[in-house]
Structure formats: C-alpha cells, structure tokens
Amino acid sequence: MEMKHLAAAWKRGTDFLGTRYAILCGAMTWVSESNLVSAISNEGGFGVLAAGNMPPDLLAKEIEDTRRKTTFPFGVNLITVAPCFRDHIDVVVREKAPFVFFAGSIPSGKDIEHAKASGAKVVCFAPVLSLARRLIKQGVDALVIEGNEAGGHIGPVATSVLAQEFLLNITEVPIFVAGGIGTGEMIAQYLALGASGAQLGTRFVVAEECAPPLQGGVHPGPGAGRHAHFAVRRLAPDDPRARHRERGDEGLQPPAARFAEQGEVRGASSG
Ligand SMILES: Cc1cc2nc3c(=O)[nH]c(=O)nc-3n(C[C@H](O)[C@H](O)[C@H](O)COP(=O)(O)O)c2cc1C
Numbered sequence: 004m005e006m007k008h009l010a011a012a013w014k015r016g017t018d019f020l021g022t023r024y025a026i027l028c029g030a031m032t033w034v035s036e037s038n039l040v041s042a043i044s045n046e047g048g049f050g051v052l053a054a055g056n057m058p059p060d061l062l063a064k065e066i067e068d069t070r071r072k073t074t075f076p077f078g079v080n081l082i083t084v085a086p087c088f089r090d091h092i093d094v095v096v097r098e099k100a101p102f103v104f105f106a107g108s109i110p111s112g113k114d115i116e117h118a119k120a121s122g123a124k125v126v127c128f129a130p131v132l133s134l135a136r137r138l139i140k141q142g143v144d145a146l147v148i149e150g151n152e153a154g155g156h157i158g159p160v161a162t163s164v165l166a167q168e169f170l171l172n173i174t175e176v177p178i179f180v181a182g183g184i185g186t187g188e189m190i191a192q193y194l195a196l197g198a199s200g201a202q203l204g205t206r207f208v209v210a211e212e213c214a215p216p217l218q219g220g221v222h223p224g225p226g227a228g229r230h231a232h233f234a235v236r237r238l239a240p241d242d243p244r245a246r247h248r249e250r251g252d253e254g255l256q257p258p259a260a261r262f263a264e265q266g267e268v269r270g271a272s273s274g
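This is how it looks when you write it as structure tokens:
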C-alpha cells in the first residue's frame, strides 16, 4: 500500500482521538492510573484510565488527577460487568470524561446514549461483525477489535482473524486494533488493512511512568486481584535480552519507543 493511504488511515485515527499519534495505551485494571494515562497523552499518544472495579469516588479522583496532569485527550474504560458499573457511568457523566470506553460485554443502547449525552465520544469492543453493526447503529463513535493475544483478554479469536473480518467490512467508524502488537511495523500493517490506529497494553507496562504502583510486583490498591502478580523488572543495558527490543523500537513512534525502554514484563494476566 502506498504511503499516502497509510497517512490517511493514521490521520483518521489522530483526528478522532485528537492526538499526534494514533496509538492508544489500552486501559489496564489497577495499572492504568493517572500517572501512566497522563504521561501517554502528554507524549502524543492516547491514555485510557481503567475503572476496573474501583470505588466510584476513587474513579472521580483519578479523572480529576489526570486532568491536572494533562490537558490532552484521554479516555475512561468502564467494565460493564463490574459491580460498580452503574456508579461508574454516573461518575464519567458527571465528570464529563471526554471519551468513554465500554469493555467487559456489550453495553445497552441506553448506556451508550447516556454517555454520549454528556458530550463523550463512545468507543466499544466488538467481538463479531453483527454486534459491531448494532453498536454503530446505536451511535458508537469508534470500535476496538481485540484478539486473544491481548494481555488481560480471554476472547477466543486471534487479532489477525478479527482484523480480516472487521477491517475489510466496516468503514463507518474508525477501528483500532489491539492484541499482540509491539512494533511500528505491525501497526503499519494494520493501517494498510484499514485500521485507524492501534491499542497496545503489555508493551506500556514497562514504561517508567507505570512503575510506581507496580513496584514490588504487587499493586497496593484495594481489590488488586487478578493482575496483582504483574511485575516489571528492568534489564541491564548489556543484557542480551534487551537487544531484540532495539529493532522493534525503531519502528515505533517516538513516545512508544521511549516508553518501551529496556524492561521486561514478567507474569501474565487473564482479565
Ligand atoms: C494487566 C492488564 C489489564 C487489563 N485490563 C483491562 C481493562 O480493565 N479493560 C480493558 O478493556 N482492557 C484491559 N486490558 C487490555 C488492554 O487494554 C489492551 O487492549 C491489551 O493489553 C492490548 O494487547 P497487548 O497487551 O498484547 O498489547 C488489560 C491488559 C492488561 C495487560
């Protein structure tokens, strides 16, 4: 594909997100808090706060803290099956979060309407084409397709399979691809297929800005459960395992490359 097509695909993503780069750092429960989210947005990417099952007042505080740390756009990811979900919607509407991501399952038309009425752009995850079409009819502004390579994800379908199904059939709204993406080259491949950008998660866990809550390997927050075994270990500069990152980092946009400084993610999660 010619560069101009890639540029147009990328621009659709940056225009939608209001960012310099069409790269999202996907919400990670108990990982994506105001530090990481604001750092990503300040560097030209798009950070997404993870509501997980936070107490609602903590979510409100995280939104306020993020706004204090960045003037750039960011999103808030709500898990529709979380016990606090209803309170979380009230919080994002009250706080006028600029972007609301519904994850966990498919939100109701009312929930989408409610979030949009506050002025938010609404983004949903679509597991199959028919649901994507329904969500678009219900007013969703963009979609994320997330394959089973993604950290914290338990869906059965691979990113490459979803990409073929969605990117070749849906043009009405921007689609961001997530799951197993670690280099700029890979992002370009998905742009060539029609994606408007990419959502990365695991790769950003090595960000300096992500380190504080993870230090010691256990997030201190209340309810830190399934992801609490996540740990970040720094690699020494001469560690041979650091070498393979160098090639990939060249292909990433600058902020992603910077965030992906030598580090290693240990542990796994199955959200
Ligand atoms: C520790 C962890 C927690 C996550 N929590 C959430 C979450 O709360 N909500 C969500 O929509 N996605 C969640 N994800 C998925 C990420 O937002 C992102 O889509 C995914 O990590 C992308 O795939 P990658 O890890 O291969 O880059 C989580 C991922 C990880 C690694």
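Residue numbers (our numbering): 4 to 274.
Every residue, glycine too, gets a C-beta built ideally from N, C-alpha and C.
Fair warning: this is a prediction, and the values are worked out from it, not measured in the lab.
Apart from the five residues on each side of it in sequence, which residues of its chain come closer than 6 Å, Cβ to Cβ, to residue i?
i: Q203; result: In the sequence as presented, Gln is not what sits at residue 203; that position holds Leu. Closer than 6 Å at the Cβ level, and outside the excluded window around L203, lie I184.
i: F128; result: A106, V147 and E149
i: R246; result: Bear in mind that a pLDDT of 40 at R246, under 50, signals an unreliable position, so the number given afterwards is only what the model happens to contain. Here the set comprises nothing.
i: F262; result: Summary for F262: the model assigns pLDDT 34, below 50, so the residue's position carries little reliability, and this model does not support an answer.
i: V40; result: G50, L52, T69 and F77
i: D90; result: P59
i: S44; result: G50, T73, F75 and F77
i: G21; result: P76
i: C213; result: L39
i: A85; result: N56
i: K3; result: An answer regarding residue 3 cannot be provided, because it is not within the stretch 4 to 274 covered by the chain.
Nearest CA to the CA of residue i: which residue from the options?
i: T73; options: P101, L165, G182 and S133; result: P101
i: G55; options: I92, A12 and I139; result: I92
i: H11; options: I66, E211, A195 and V208; result: The sequence shown places Ala at residue 11, rather than the His named in the question. Closest option to A11, Cα to Cα, is A195.
i: F207; options: G78, T69, V34 and K7; result: V34
i: E152; options: A145, G142, D144 and S163; result: S163
i: I82; options: G21, S41, M189 and H156; result: H156
i: T69; options: E98, E116 and D90; result: E98
i: K140; options: N45, A161 and I115; result: I115
i: K113; options: G142, V131, E212 and N45; result: G142
i: N172; options: S121, A161 and V131; result: V131
i: G122; options: A161, M189 and V96; result: V96
i: A145; options: V103, I66, E188 and T186; result: V103
i: M31; options: L61, G158, V79 and K7; result: V79
i: G158; options: E65, T186 and S108; result: S108
Per the DSSP calculation, residue i is bridged to which residue(s)?
i: K124; result: F102
i: I148; result: V180
i: L203; result: C28
i: L52; result: V79
Considering only residues of the same chain and omitting the five flanking positions on each side of residue i, which have a CB-CB separation below 7 Å?
i: S199; result: A12, R15, G16, F19, A25, P177, I178 and F179
i: R23; result: T17 and G47
i: A191; result: L9
i: A63; result: V94 and E98
i: A161; result: G150, N151 and E152
i: G29; result: V51, A181, Q202, L203 and G204
i: K119; result: V125 and G142
i: R250; result: Reliability fails at R250, whose pLDDT of 35 lies under 50, so the model's placement of it is uncertain and no value is given.
i: K7; result: none
i: P110; result: T83 and C127
Within its chain, find whatever has a CB closer than 8 Å to the CB of residue i; leave out the 5 residues flanking it on each side and keep chain order.
i: Y193; result: A166, L170, V180, I184 and A201
Okay, do the stretch 164-178 and the stretch 130-138 touch, 3+ Cβ pairs below 8 Å being the bar?
-> Taking a cut-off of 8 Å for Cβ pairs, the stretch 164-178 and the stretch 130-138 touch, as three or more such pairs fall below it.
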